[in-house]
Each structure stands twice: as C-alpha cells, then as structure tokens.
Ligand SMILES: Nc1ncnc2c1ncn2[C@@H]1O[C@H](COP(=O)(O)OP(=O)(O)O)[C@@H](O)[C@H]1O
Ligand SMILES: [Mg+2]
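Chains as they are written, first to last, in my numbering: chain Z, 1 to 368; chain V, 1001 to 1620.
Pasting the structure below:
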C-alpha cells in the first residue's frame, strides 16, 4: 500500500544551508496531504526527493514499505521506477507533441495496445474536460487547459502516488476555485495518495485531509486543517495560518507570572497560573466587539480600546483597535455601528486564546 | 537536540561495533554514490567528453608548449643537445638571438601597431555609425543597419585582394594593378604593409563595433539621459558624464575583442605584408612552419596564445569592473531618437560613404576584376567571361576558366566535406556538452566541460593550428600521424568551433530547463527514450543553428587551413591563396567571390531559418 514514509530526511544543495533538514513525515494511503509554507521553505525539494529527482543527503524514504532512497543502505531507486507521478509548477508540457500525444506518452512507453491506450487516454481527457483540444499543441492552450493536460498526463498512468507542485498558482482565482473542486473530485474518484504543495493557506485548508506546515526546511506541524488552525503548534504556524493574521501580544515578564497582570489592560479577570509564557495569540475573528460593557465572565478576557480604523473588505470588516501598545486587529462580519475614535469593549473566550512559551512553542492548558 | 544525545551509545561498548559498521557503511556509500551519479549515460557521456576534449584542446596545447623547450629533430647540432632533451635554444633564438629581431620583436611591434591602428580607426568609424543607426533619425537606418554589417559576413582578406587588385605595383609580378594601368604607380607604403593592412582590418571590424556598441546604446534607458537634461545639464555634459561612462563596458569589450582578433589575423597580413617583408606574429609563425622550424614556431605560437589569453582576461576583468556601475534599462527602457536637424543629410552621406568604401566599391572591383582582360580598361571589348568559363586560355597552367577547373570543384567539395562534417560534429557535441553541463550530477564534469570547450576562444586560430600540427605530425601511441589527412582539419575545426557551439548548446539546454525531461522521467521514461522522444526533438532548431553558424564561419576561415591543409585537402580558402601565390589574380578573386557569396547567403539563410537578425540590435 502506498504509504509514504520520510524519516530524518535531509537535503542540501551544494554547500549551502540545507533546503530541508531532518524531516519526519508519514503520508497515509489515500490521503490528500498538503505541504504548506512560505516560498523557499523546501516544499518543492520535499516533493522532488519523494519523486527521486533529487537524492537525499541523509535519511530514508519509503513508499509502501519499499526503501527508495537511503544513503546508509546504499539504495537509490530512480524516478522512473518509483511509480509516482509529478505535476510540475511550470506544467512542463512537451511543446513538440499534441495534447493527445502528451497524455498518451506514458502509455505508449509501456506499450499499451492501441485500443486500450485510446480508451484510457480518452477517459482521462474526458474527465478533465480537455478532449476537444486533443490535436492542439500546448502553446495553443490557456494556462488552465495546460494545467489539466499536465494532470491528465500523470493520471493516465495511474500512479500510486501523485505529487503536485503548486499546480494552481498560475491560474486566475475563478479557474483556481474550479480546479480545486476538480482536484478534490479526482482524489475521490481515483483514490490516489496525493501530496500537494502550496503556499496558499486557503488552498491547503479546503483541499487536504492533513496539512504539513514547513518553514526554513523543517516541519513545524502536521495535522488536520482544523488542528492547524485551532491549535497551532508554534508561533510560526499561528502567524502563517489565518487571514487577517493572528494578533500576537508579547508577554515580557518571565516565569511564574500571573497572566492577568502581564497582559495588563487586556486581561480583566484572573487566569490560570502558567509558567514561561512568552506571548499570547488572539485570532481576529475570535474577538467580539461591543459598544456597551459586556457582563463579566470568568472564562473571558475582557477589555476596552479606542477604534483606530475600519477597513471594509467586502462583506467583512477589519477593525483596528489601539490602546497605546501594538494595534489589535479584529475581524467581524457585522456591519460596525461605531466610528473611528470611539471607545469599544472587546472580549475573547479564554479557550480561544493561544499561549506560547518563550521558545514560541504552544502551551496546552486546562481552563480553570 | 535531545533525540541525538539519546541515541549516542556509550563510547567503550560501541567502539568495536562502529569500526566494522564503518566499513559496511563505506561500501554502502560508494554504491549509493554510483547509483545516484553514474546510473545514467549522462555521466558516462560526460566522462567520455572530458577525455575527448582533454585530447582535442589540452593535449595539443601542452604538446606545443613542450615542443618549445625540447630539442627538435634536426636541431641537435645547433642546440648542442640530443633530440628530445630539454633546451632553452628555441626561446633564446626567438627572443634573444641576433635574428630574434626579425623573428619576434619586429613582428610583435608590427602586430601591436596594426592592432592599435585598427582599434583606433574602427572605433572612430563604428561609434558614430552605431549612434546614428540606433539613436538618430538618419535616413535609411533600417537598410544601413544590415548593409553596414556585410563586411563582417565576408572573409577579411576579400578586401586585401581588392586592395591588391587596385594598388598592386611592380614589386610583385603578375597582372598590373588598376592604378598602375591608369599611369599612376602607387608607392610601396600605399600598396603593401602597415597602411593597407590597418585600413582593411579596420573596415572589417567596424561592424563589430556597430553591433556591440549599438546593442548597448539600444538597451540604454534614455530616461537616464532625460533626467539629466531636466536637471539642466547641457548635451555635452550629458554625453560625457552619463552616456560615456555607461557605454564604457561595451566599448572596452569591442576594443579588446578587436585587439584579440588582430593578433591572430593571418590572411590580410599574408597577402599585403609578404611582398614588402612586413611581418606580424601570425605570418612570422607561418614562415617558421614553412621552413620547418617547429621549435621556433612553438615559441611564437605560445607567445600569440599568451597575448590572446591575457587580452581576453583583461577584457573579462575590465568589463566586470565597469559593469558594477551599469544600470541597463529593463523592459521599459526607452530609446528616443535624437533629431539631427540640418545634419540629417550629411550624416546619411557619411553612412553611405562608409558603405561604399567598405562594401560597394570593393565588391564591384572584385567582380569587375574577374571579367576584365586588362586592368582598368573599361572599353567593351575588354570584358570577358573567360576567367570564369573560358577554355584553352593562353596562360601557362590554368588554361580553363575557374568554373571549369577540376581543382576548384575539388576544393569546393573538400570545403563542404571537411567544414560540413566538422560543423555537424561541433553542433552535436555542443548540444551534448550543454546537456551534460545542465544535467550531470557529477559536478566537476560540468565545470570542466564548460571551461575546456571555451578555452579555444582564447587561442588564436593559427596558434591552435600549430598546436595540432605538433601533436599530430607524428604517430603518438595508437593514434597515427594525421597530418595531410582531412581528419586533422575536422578535429581542429571542431575544437576551434566548440566555444561557440558549446555556448549555444548550454544556453539552449538552460532555456529548455530540466522540467520537460523530468516530466518524461515521471511518466516512466528511461534515458534513451527521453533523449529521442523529448530532448532531441525539442532541440532540433538549436541543432540546426549550432551546425550552420560554425559552417559559415568555417568556410571563410583561413588560418587553421593554411597550417594544416595540404594540396589534396585544399579547401576554397587555401586554394585561392595558392592561386594568389601563383599570380592568377582573376581566378583567385573569383574563388574569393564564391566564398563571399556562400558566407553571405548562408548568413541570410540562417537568419531566415532562425528568425533572428544579426542587425536586429539596430534600426527599428
Ligand atoms: N537546484 C537547486 N540548487 C541550489 N539550491 C536550491 C535548488 N533548488 C532549491 N534550492 C534552494 O533550496 C531552498 C528550498 O527551495 P524549494 O524547495 O524550491 O522551496 P519552495 O518550493 O518551498 O519554494 C531554497 O532556499 C532554494 O534556494
Ligand atoms: Mg516551489
């Protein structure tokens, strides 16, 4: 079964800092796994070592229990024997071949009989809605069409594992939405294990069964979209995921501090005693705004601040609050009934506050 | 951090175990290395090409340098040492003996003064022309942009022949020059030697300045110039303080490349220098080969090579230095045309004059010279096609018109065969080098190939030819003596063209990138399949260009052939030179016209095929 296992995987190009280092990741059979991270964090490199287009500097890669790359064991299986398909960010269609030829290339290679070949290529092209372009050359297609040809070319050989490197990043937003839905459908229909690379958090959230967040070559957190969003493992994940980004309130006093004191104006009620808190994160959409003082609630953080700005974002509003320190951004879908300069009350459930220690690692706590 | 310390076994217990495991791991590493780096033919092809180019480029040059310090056959008595022993005899003879003056120092002085003159003249013609073509509203810019480049498409010594046809005096035999027939005998200084050589080379290299400098001007963002104007600078100030510093790299580059080309220039110097014993390094080298002084020849070739290498290194250095300041405009770069006002017509006349002097008139003279019996007699009955297609002429040896001479067709066939094959080789090898450089996982192979294929660029052709001569003149190991065969020409020509074809191959492969091939790999295609179904079909165009361009430069090349060709391997260029030596002026001119036509139409054909334009940098 094509479960992909990466253990202690490192890859460095030339003598530079490693592109990925000590990566441990298991992609379960049939999973739709997204690799998410800022550009240059090593996502493509991860895909390429899985595909075998790059060899490892250290560590081991297995697919379905078969070791594919291990320096220590002296094993390296070349890409063409790994049974993985890779869709390139640039699509990399062959410019001298028609769409039909591009799609059937792998089948011709395997000497699949002509009628079966036509049937399989035809089916995939029909599924991806590119059959009407079969005799065109790649240069005569739009970006979205090319992207579908690139996908069809890999799907038709029915790979155990499908690797997609930012396949949607060159498309306009409407087409991107459509292709997202299509990818999800294909995942259901073909039942392939998919590893999908993106730097777009919404793409990752909407598509994947699990997300692996990467930064500077190392894995930050692996989890379901919900886990990634609601319990970010560290500061990086918290700040990378979410739009508008999470508000981070630094806590300056060292250990053994009563958080209600540390947070100063933000905290009105006492909070469980926790060691080593470095910062507190408040997601903009978890902050409730009220014009009148809300009733006291022991499980809430309640405070007030002045409105410094209101930014409509089409159906949503981002409200900027100012209480002398760093601004606090609040996102709301209720049309604001207040003006800039007014004093507002705001409230956050303690259960929705994210606490991080001095090293930026999430602190789990039970509400008291 | 914690994990690592956990796994660390206690030292004493693990010692023995880790020793035996280290051995196992060593072999696993080796097998991994082989599987990753040498799994595919890319690495093996790369290694083979390393061997090939080491033999075609490095070994000849090493042999040549070695010849300079080893007693050659027949010199034992004079060098007072055994054949094959170490000696400073040749260095001494060439650089410090009584005849060193004639062998080396005088030719060196001539070479340098010709080169300096050529740089001066071609810059002072080329710079204004480049500016007129790219930044002014002169009439007929588009037409001139192509027309003024023509001299560069023709062999440089075409014009030497024209000069000889016009100015020849009684210092040499054969048919009279036109001027002499008209009753005016040109003095030697005008007919031969430094003055005509400088003029002709300058006219030949002016297009070089027009191209390089014109390109720089075109990419120059005129907003830079305009902002200075807005700040109140006068146009003179703008030119000196803004345009000039920014154009400096292009100017330096053009200058030094011209210098480097002049160092190795043979044909013009041979045709116009020989009659008055005006020697430059290249002709002095040729003479020492003709008189079988291979030791001296090796020293001279080494010196030429050294000058070539130094000047190109200086170029690389200067250009890098001055490029630090350059901000060449990007896509938004505007190049506005300056109106010339009342100078519009005079400027056009100037360009037309240069065209007439450098292209129109010379070609006309050349054509006329092949259809006139007596020079400069324009009466109708003086015209004849005998020199082209006549039979039973009254000459001593060449008794038929040139087109009916078997030797011509033999030379033409040799040209096609030798140059064609060499171009095909270098085109293919260039693409392969490009492929290996871009794809090889063994890094030293890529970088070695990249450098070694570029190296011949630093070595003037005639020195390179001498290196080949010294390597292949005798049997060495399993490789027989190749001198006198077509093969030595093919090898030398291929190596000589590698700088261009490998550059082209590398850039074509870079442009293609790895993706299309890796995509094929992901669908399961092995190496051979990827090459035949993906890489080669996509690179078809690059291969055609990479073959045709060396072919065109090869058919007009002279210096390699003049050293390495023998009468049976005569190509058109050496054949015409032999005709000149025998004073068959009309026939020689006719052959050169044929070569010029081939080179010119070939260039046009390539431009048509590749949809590029040599002169694209100008006009428009
Ligand atoms: N072929 C290569 N040679 C050298 N460095 C590379 C190469 N490919 C990627 N890198 C470097 O490795 C790091 C990770 O790159 P990549 O995996 O492409 O990031 P991402 O896909 O997340 O944007 C980057 O710093 C990049 O510069
Ligand atoms: Mg990437």
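We put the beta carbon where it would ideally sit given N, CA and C, even for glycine.
Measuring alpha carbon to alpha carbon, tell me which residue in Z:319, Z:346, Z:356 is nearest residue 340 (chain Z).
Within the first chain, the letter at position 340 stands for residue 340 (chain Z). Checking every option, the nearest Cα to that of residue 340 (chain Z) belongs to Z:319.
Taking residue 1215 (chain V) as the reference, give the member of V:1248, V:1202, V:1231 with the closest Cα.
If you number the second chain from 1, residue 1215 (chain V) lands on position 215. It is V:1248.
Relative to the C-alpha of residue 1592 (chain V), which candidate in V:1393, V:1268, V:1536, V:1442 has its C-alpha closest?
Within the second chain, residue 1592 (chain V) is the residue found at index 592, counting from 1. Checking every option, the nearest Cα to that of residue 1592 (chain V) belongs to V:1268.
Hey, is residue 216 (chain Z) close to ligand 2, as in C-beta under 7 Å from one of its heavy atoms?
Working through the first chain from its first residue, we reach residue 216 (chain Z) at position 216. Checking every heavy atom of ligand 2 against the Cβ of residue 216 (chain Z), none is found closer than 7 Å.
Below 7 Å, is the gap between the Cβ of residue 44 (chain Z) and the nearest heavy atom of ligand 2?
Locating residue 44 (chain Z) in the first chain gives position 44, counting from the first residue. The answer is yes for residue 44 (chain Z).
Counting only C-beta atoms, is residue 369 (chain Z) closer than 8 Å to chain V at any point?
The requested residue 369 (chain Z) does not occur in the structure, where chain Z is confined to residues 1 to 368.
What does residue 349 (chain Z) pair with, by DSSP beta-bridge criteria?
Here the question's residue 349 (chain Z) lines up with position 349 in the first chain. BP columns for residue 349 (chain Z) point to Z:300.
Residue 299 (chain Z) versus chain V: which residues are under 7 Å apart at the beta carbon?
As a working mapping, residue 299 (chain Z) is identified with position 299 in the first chain. Chain V residues near residue 299 (chain Z): none, gap ~35 Å exceeds 7 Å.
Do you know how far the Cα of residue 1486 (chain V) is from the Cα of residue 1565 (chain V)?
The count along the second chain starts at 1 and reaches residue 1565 (chain V) at position 565. The count along the second chain starts at 1 and reaches residue 1486 (chain V) at position 486. If you take the alpha carbons of residue 1565 (chain V) and residue 1486 (chain V), they lie about 8 Å apart.
Does residue 94 (chain Z) pass the burial test, meaning 16 or more other C-beta atoms within 10 Å, or should it be called exposed?
Taking the first residue of the first chain as position 1, residue 94 (chain Z) is located at position 94. With 16 or more Cβ atoms within 10 Å of its Cβ, residue 94 (chain Z) is classed as buried.
Residue 1105 (chain V): buried (16+ other C-beta within 10 angstroms of its C-beta) or exposed?
Reading the second chain from its first residue, position 105 is the one you call residue 1105 (chain V). Per the 10 Å Cβ criterion, exposed.
Spatial neighbours of residue 1559 (chain V) within its chain, please: CB distance less than 6 Å, with the 5 preceding and 5 following residues excluded, ordered by chain position.
For the purposes of this step, residue 1559 (chain V) is taken as the residue at position 559 of the second chain. Once the five neighbours on either side are set aside, the close Cβ partners of residue 1559 (chain V) are 1266, 1461, 1462.
Determine whether the Cβ of residue 60 (chain Z) lies closer than 8 Å to any Cβ atom of chain V.
Locating residue 60 (chain Z) in the first chain gives position 60, counting from the first residue. No, residue 60 (chain Z) does not count as interfacial toward chain V.
Decide if residue 91 (chain Z) is buried, meaning its Cβ has at least 16 other Cβ atoms within 10 Å, or exposed.
Sequence index remark: in the first chain, residue 91 (chain Z) carries index 91 (1-based). Under this definition residue 91 (chain Z) is a buried residue.
What residues of chain Z sit near residue 1534 (chain V), judged by a beta carbon separation below 7 Å?
Numbered from its first residue, the second chain carries residue 1534 (chain V) at position 534. The answer, in chain order, is 94.
Going residue by residue through the stretch 193-251 of chain Z, where are the continuous beta strand (DSSP E) segments of at least 3 residues, counting only ones entirely within it?
193-198, 210-215, 218-223, 247-250
Name, please, each residue of chain V whose Cβ falls closer than 9 Å to the Cβ of residue 109 (chain Z).
Position 109 of the first chain holds residue 109 (chain Z). Going along chain V in sequence order, the residues near residue 109 (chain Z) (Cβ under 9 Å) are 1520, 1523, 1524, 1525, 1526, 1529, 1533.
Could you say if the stretch 1594-1603 of chain V and the stretch 1150-1161 of chain V meet the contact criterion of at least three C-beta pairs nearer than 8 Å?
yes
Examine the Cβ distances between the stretch 4-17 of chain Z and the stretch 56-70 of chain Z and report whether three or more of them are shorter than 8 Å.
yes
Listed from N- to C-terminal order along the chain, which residues in the stretch 1157-1174 of chain V have their beta-carbon within a distance smaller than 8 Å of any beta-carbon of chain Z?
none
Verify the contact flag: residue 131 (chain Z), CB atom, against every heavy atom of ligand 2, threshold strictly below 7 Å.
Looking up residue 131 (chain Z) in the first chain gives position 131. Outside the cutoff, so no.
Going straight from the alpha carbon of residue 47 (chain Z) to that of residue 148 (chain Z), what length do you get?
Sequence index remark: in the first chain, residue 47 (chain Z) carries index 47 (1-based). Sequence index remark: in the first chain, residue 148 (chain Z) carries index 148 (1-based). If you take the alpha carbons of residue 47 (chain Z) and residue 148 (chain Z), they lie about 19 Å apart.
Cβ of residue 73 (chain Z) less than 8 Å from any chain V Cβ?
If you number the first chain from 1, residue 73 (chain Z) lands on position 73. It does; some Cβ of chain V falls within 8 Å.
Could you spell out where the beta strand (DSSP E) holding residue 60 (chain Z) opens and where it closes?
Reading the first chain from its first residue, position 60 is the one you call residue 60 (chain Z). Residue 60 (chain Z) -> beta strand (DSSP E) spans 58-63.
Between which two residues does the alpha helix (DSSP H) containing residue 1267 (chain V) stretch?
Residue 1267 (chain V) sits at position 267 when you count from the first residue of the second chain. 1267-1273 is the extent of the alpha helix (DSSP H) around residue 1267 (chain V).
Could you pull the DSSP bridge partners for residue 1099 (chain V) from this structure?
Looking up residue 1099 (chain V) in the second chain gives position 99. Bridge partners of residue 1099 (chain V): none, in fact.
Quick check on the DSSP output: the beta strand (DSSP E) that includes residue 11 (chain Z) runs from which residue to which?
Position 11 of the first chain, counted from the start, is the residue given in the question as residue 11 (chain Z). Counting along the chain, the unbroken beta strand (DSSP E) around residue 11 (chain Z) starts and ends at 4-11.
Let me check one thing: in DSSP terms, what residues is residue 1338 (chain V) bridge-paired to?
Walking along the second chain from the start, residue 1338 (chain V) turns up at place 338. Beta-bridge pairing links residue 1338 (chain V) to V:1136.
Return the chain-ordered list of same chain residues with a C-beta closer than 6 Å to the C-beta of residue 281 (chain Z), the five sequence neighbours on each side being excluded.
Start at 1 with the first residue of the first chain, and residue 281 (chain Z) comes out as number 281. Taken in chain order, the residues that qualify are 238, 246, 248, 354.
Got a sec: does ligand 1 put a non-hydrogen atom nearer than 7 Å to the Cβ of residue 34 (chain Z)?
Numbered from its first residue, the first chain carries residue 34 (chain Z) at position 34. No, Cβ of residue 34 (chain Z) sits at least 7 Å from all heavy atoms of ligand 1.
Any heavy atom of ligand 4 inside 7 Å of the beta-carbon of residue 172 (chain Z)?
Although ligand 4 was asked about, the structure shown includes only ligand 1 and ligand 2 as ligands.
Residues of the stretch 44-55 of chain Z in Cβ contact with chain V at a cutoff of 7 Å, in chain order, please.
51, 53, 55
So, at 6 Å on beta carbons, what are the nonlocal neighbours of residue 1060 (chain V) in its own chain, with the 5 sequence-adjacent residues on each side left out?
Locating residue 1060 (chain V) in the second chain gives position 60, counting from the first residue. Cβ neighbours of residue 1060 (chain V) beyond the five flanking positions: 1467, 1468, 1471.
Any beta carbon of chain V sitting closer than 8 Å to that of residue 367 (chain Z)?
On the first chain, residue 367 (chain Z) is found 367 positions in, with the first residue counted as 1. Any reading at residue 367 (chain Z) must be qualified, since the residue scores a pLDDT of 47, below 50, and its modelled position is unreliable; the value itself is stated next. Closer than 8 Å: no.
Go to residue 84 (chain Z), then tell me how far its alpha helix (DSSP H) extends in each direction, as first and last residue.
As a working note, residue 84 (chain Z) is residue 84 in the first chain. Premise fails: residue 84 (chain Z) lies in the beta strand (DSSP E), 84-87, not in any alpha helix (DSSP H).
Just to confirm the assignment: which complete beta strand (DSSP E) runs, minimum length 3, are found wholly within the stretch 1121-1194 of chain V?
none
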